[in-house]
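Numbering of the sequence shown is given in this note's numbering, commencing with residue 15 and proceeding in unit increments.
Every residue, glycine too, gets a C-beta built ideally from N, C-alpha and C.
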Amino acid sequence: MKIVEATLTPYALPLRRPLATAAGLINRREGLVLRLVTEDGVEGLGECAPLPGFSVLDLPGHRLALERLLPQLRGLELHPDDVPAFNLPPAAECAPLRRPSPPRPMVWRW
Numbered sequence: 015m016k017i018v019e020a021t022l023t024p025y026a027l028p029l030r031r032p033l034a035t036a037a038g039l040i041n042r043r044e045g046l047v048l049r050l051v052t053e054d055g056v057e058g059l060g061e062c063a064p065l066p067g068f069s070v071l072d073l074p075g076h077r078l079a080l081e082r083l084l085p086q087l088r089g090l091e092l093h094p095d096d097v098p099a100f101n102l103p104p105a106a107e108c109a110p111l112r113r114p115s116p117p118r119p120m121v122w123r124w
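Set out below in structure tokens:
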């Protein structure tokens, strides 16, 4: 399969209740959604949402790494079994590159 589209979309959502950490309160969840589309119209979504103080890279660091990866993904011809384990936590690993499933509406719930 060939990847014809790769996009990165940032988001910031308020939490219902603040999350208390040793570094302070977290009131919203910020992250990035990686969207891959193949020439057959198969879509894959992955999320990257590092928690401040818990991840090696912060969100800007992950964003920079993923933005550098996007041009390499576009036009990439691959077989699902050939996809190596990326060291970019969930965003690259979770974008499903296997058999397409029936389309369903996207619902965000936290």
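Alpha carbon of residue i to alpha carbon of residue j, nearest angstrom
{"i": "V18", "j": "A36", "result": "43 angstroms"}
{"i": "A78", "j": "D72", "result": "Inspection of the sequence shows that residue 78 is occupied by Leu rather than by Ala. About 10 angstroms."}
{"i": "V47", "j": "G60", "result": "6 angstroms"}
Identity of the residue in the options nearest residue i by Cα
{"i": "A26", "options": "G45, L80, M15 and A34", "result": "G45"}
{"i": "L29", "options": "T23, N41 and L22", "result": "N41"}
Neighbour-count burial assignment, residue i, 16 or more Cβ in a 10 Å radius
{"i": "G55", "result": "exposed"}
{"i": "P64", "result": "buried"}
{"i": "H93", "result": "exposed"}
{"i": "P20", "result": "One detail in the question is off: residue 20 reads as Ala in this sequence, not Pro. By the neighbour-count rule (16 or more Cβ atoms within 10 Å), A20 is buried."}
{"i": "L33", "result": "exposed"}
DSSP state of residue i mapped onto helix, strand, coil
{"i": "L46", "result": "strand"}
{"i": "L29", "result": "strand"}
{"i": "G38", "result": "strand"}
{"i": "E91", "result": "strand"}
Residue i - containing alpha helix (DSSP H), residue span
{"i": "E81", "result": "L73 to L87"}
Bounding residues of the beta strand (DSSP E) (the contiguous stretch that carries residue i)
{"i": "G60", "result": "E57 to C62"}
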